[in-house]
Amino acid sequence: MKAAVLNEFGSVEKFEILDVPTPKPGFGEVLVKVMATSVNPLDFQVRRGDYQSELELPVITGHDVSGVIVEIGVGVKNFKAGDEVYYTPEIFKGQGSYAEYHVADEAIIGIKPKNVSHLEAATFPLAAGTAWEMLYTRAQLKINQTILIHGGAGGVGIPTIQLAKTIGATVFTTARTVHHQMLKGFGADYIIDYTSENYIEEILKLTGNKGVDVVIDTLGGNTLSDSGKVLSQMGQVVTLVDIEKPQNLIHAWGKNATYHFVFTRQSRNKLDELTKLIESGKLKPVVGKVFPLSEIGQAHSLLEFRKGDKNFYGKIAIQVEDESNTEQK
Ligand SMILES: NC(=O)c1ccc[n+]([C@@H]2O[C@H](COP(=O)([O-])OP(=O)(O)OC[C@H]3O[C@@H](n4cnc5c(N)ncnc54)[C@H](OP(=O)(O)O)[C@@H]3O)[C@@H](O)[C@H]2O)c1
Numbered sequence: 001m002k003a004a005v006l007n008e009f010g011s012v013e014k015f016e017i018l019d020v021p022t023p024k025p026g027f028g029e030v031l032v033k034v035m036a037t038s039v040n041p042l043d044f045q046v047r048r049g050d051y052q053s054e055l056e057l058p059v060i061t062g063h064d065v066s067g068v069i070v071e072i073g074v075g076v077k078n079f080k081a082g083d084e085v086y087y088t089p090e091i092f093k094g095q096g097s098y099a100e101y102h103v104a105d106e107a108i109i110g111i112k113p114k115n116v117s118h119l120e121a122a123t124f125p126l127a128a129g130t131a132w133e134m135l136y137t138r139a140q141l142k143i144n145q146t147i148l149i150h151g152g153a154g155g156v157g158i159p160t161i162q163l164a165k166t167i168g169a170t171v172f173t174t175a176r177t178v179h180h181q182m183l184k185g186f187g188a189d190y191i192i193d194y195t196s197e198n199y200i201e202e203i204l205k206l207t208g209n210k211g212v213d214v215v216i217d218t219l220g221g222n223t224l225s226d227s228g229k230v231l232s233q234m235g236q237v238v239t240l241v242d243i244e245k246p247q248n249l250i251h252a253w254g255k256n257a258t259y260h261f262v263f264t265r266q267s268r269n270k271l272d273e274l275t276k277l278i279e280s281g282k283l284k285p286v287v288g289k290v291f292p293l294s295e296i297g298q299a300h301s302l303l304e305f306r307k308g309d310k311n312f313y314g315k316i317a318i319q320v321e322d323e324s325n326t327e328q329k
């Protein structure tokens with residue numbers, strides 16, 4: 001099979017499209033023909049070598065799959081050949097999704113939503129799955145609560161806004177002005193331009209100094225400590241990003257805050273819940289750009305450096321197999 005292989009960590013030029021052996025499904029595993037995948041920041045972090053201690057070269061990265069099961073291993077109970085599935089491969093374990101085939105444990109795959117294409121479905125598992133985990137499992141966001149979602153126009157930000165609105169929360173988000181109209185369309189109630197406004201002052205002004213019930217930190221840096229300044233009493237912070245340096249949480253202490261550190265977990269239950277939300281139209285795909293697997297380097301340049309489109313938003317989908325091609329392995 002063809003795969004985008006990294007024999008070295010580094011720049012986007014390190015990707016090589018090579019022929020590698022097609023993996024075999026073991027006990028409880030399925031072999032999936034990958035129709036589409038996507039680009040997540042985790043992929044460019046892996047490519048440039050941020051996680052060298054976790055990985056051995058050569059590496060095939062990629063953390064989203066939408067595809068078709070072509071073979072089932074011994075002991076598989078819930079799926080059969082021909083099922084259309086989507087999922088996030090296990091992180092730092094085994095081969096990723098930048099390849100024509102992928103093997104996954106049946107416990108981490110879900111039936112693909114029927115109302116979206118493979119290209120659209122491939123943009124959901126990691127980003128929207130993380131959004132679901134943050135709001136439903138961790139913060140347990142409730143109707144009429146207030147939430148600040150940083151990086152609203154990002155791959156995680158957009159589904160987080162959509163899910164928070166589905167729950168019935170009031171959404172505050174940060175994004176550049178060029179993205180405000182789009183985010184209003186997804187229901188964001190208050191949008192703060194992080195390049196020209198001080199979000200802490202704006203949140204306090206908009207909430208009459210009360211602060212918000214939940215902060216979603218997709219940024220890192222000072223956001224973890226500054227979150228305490230915009231939280232209401234007993235508020236919660238959910239953070240997705242590495243903590244690069246020790247943080248002073250004095251403001252959060254004064255708010256009796258709870259912090260949740262999220263490293264996305266794979267589960268069929270989460271995918272099944274996402275599928276219901278997607279099929280009911282509550283969660284919509286936002287495919288900003290599509291690239292073929294052979295142009296994976298350009299796709300990384302767009303997400304990592306905004307090369308070619310500084311106003312890019314949403315997700316990048318990667319076409320691995322043409323959807324009109326139904327031929328199986
Ligand atoms: N722990 C986990 O399980 C997990 C899961 C998923 C993602 N993540 C992490 O979460 C982060 C976001 O992922 P993503 O997929 O959403 O990335 P993304 O698609 O690149 O989106 C990042 C967004 O943040 C915005 N942004 C940049 N600087 C900002 C600032 N100072 N204030 C407000 N917004 C700002 C960007 O807007 P512009 O266009 O204006 O630059 C962009 O819309 C990444 O670090 C990723 O690794 C972690």
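In terms of UniProt numbering, the sequence shown has 102 at position 102, counting the first letter as 1, and numbering is strictly consecutive.
From the three backbone atoms N, C-alpha and C, an ideal C-beta is built for every residue, glycine too.
For F261, the enclosing beta strand (DSSP E) begins and ends at T258 to F261. In the displayed model, E54 falls within coil according to three-state DSSP, outside both helix and strand.
When C-alpha distances from V39 are compared across E323, K315, D322 and E321, the shortest belongs to K315.
Closer than 8 Å to some heavy atom of ligand 1: that describes the Cβ of R306. Take G308, set aside five residues on each side of it, and the residues of its chain with a beta-carbon closer than 8 Å to its own are Q298, S301 and L302, in chain order.
The C-beta separation of E106 from G26 comes to about 11 Å, leaving the pair out of contact by the 8 Å criterion.
The count of Cβ pairs closer than 8 Å, one atom from the region 276-290 and one from the region 115-127, reaches three, so the stretches are in contact. In the DSSP assignment, Y87 is bridged to V65.
Under the DSSP assignment, E202 falls in the alpha helix (DSSP H) whose first and last residues are Y199 to L206. Of the candidates K270, A104, Q45 and Y51, the residue whose Cα lies closest to the Cα of V65 is A104. Between K33 and V20, the CB-CB gap reaches or exceeds 9 Å. As DSSP reads the structure, S38 sits in a beta bridge with A317. In this structure, Q45 has its CB closer than 8 Å to one or more heavy atoms of ligand 1.
Every beta strand (DSSP E) stretch that sits fully inside the region 92-134 and reaches 3 residues is listed by chain position as 101-105. Close CB contacts of A81 within its chain, under the 7 Å cut and outside five residues either way in sequence, are with I69, V70, E71 and I72 (chain order). Taking the CA atoms as reference points, S196 sits about 34 Å from T137.
Among the bridge pairs identified by DSSP, Q236 is matched with V214 and T258. Secondary-structure assignment with DSSP links F291 through a beta bridge to I318.
Between the region 125-134 and the region 154-165 there are three or more C-beta pairs closer than 8 Å, enough to call the two in contact. Contact check between the region 164-182 and the region 232-250: fewer than three CB pairs, one atom from each, fall below 8 Å, which does not count as touching. Pairing E100 with E56, the inter-Cα distance amounts to about 21 Å. DSSP places D19 within a strand segment (E or B) once states are collapsed to three. For E8, the closest of G75, Y51 and E90 by C-alpha to C-alpha distance is Y51. Taken from the Cβ of N311, at least one heavy atom of ligand 1 lies inside 8 Å. Closest by C-alpha distance to T239, out of V262, W132 and G67, is V262. Cα atoms of L42 and T88: separation of roughly 12 Å, rounded to the nearest angstrom. Rounded to whole angstroms, K112 and S280 show a C-alpha spacing of 13 Å.
Its Cα nearest to that of K114, the residue L274 stands out among Y313, L274, F312 and F305. Taking all protein chains in view, the Cβ of G168 is surrounded by fewer than 16 other Cβ atoms within 10 Å, so the residue is classified as exposed. Annotated as proximal: V215 and S227, with beta-carbon spacing under 9 Å. Looking at the DSSP output, L231 shares a beta bridge with V212. Linking F305 to R48 through their CA atoms gives a straight-line distance of about 13 Å. Under the DSSP definition of a beta bridge, A3 partners with L18 and A99.
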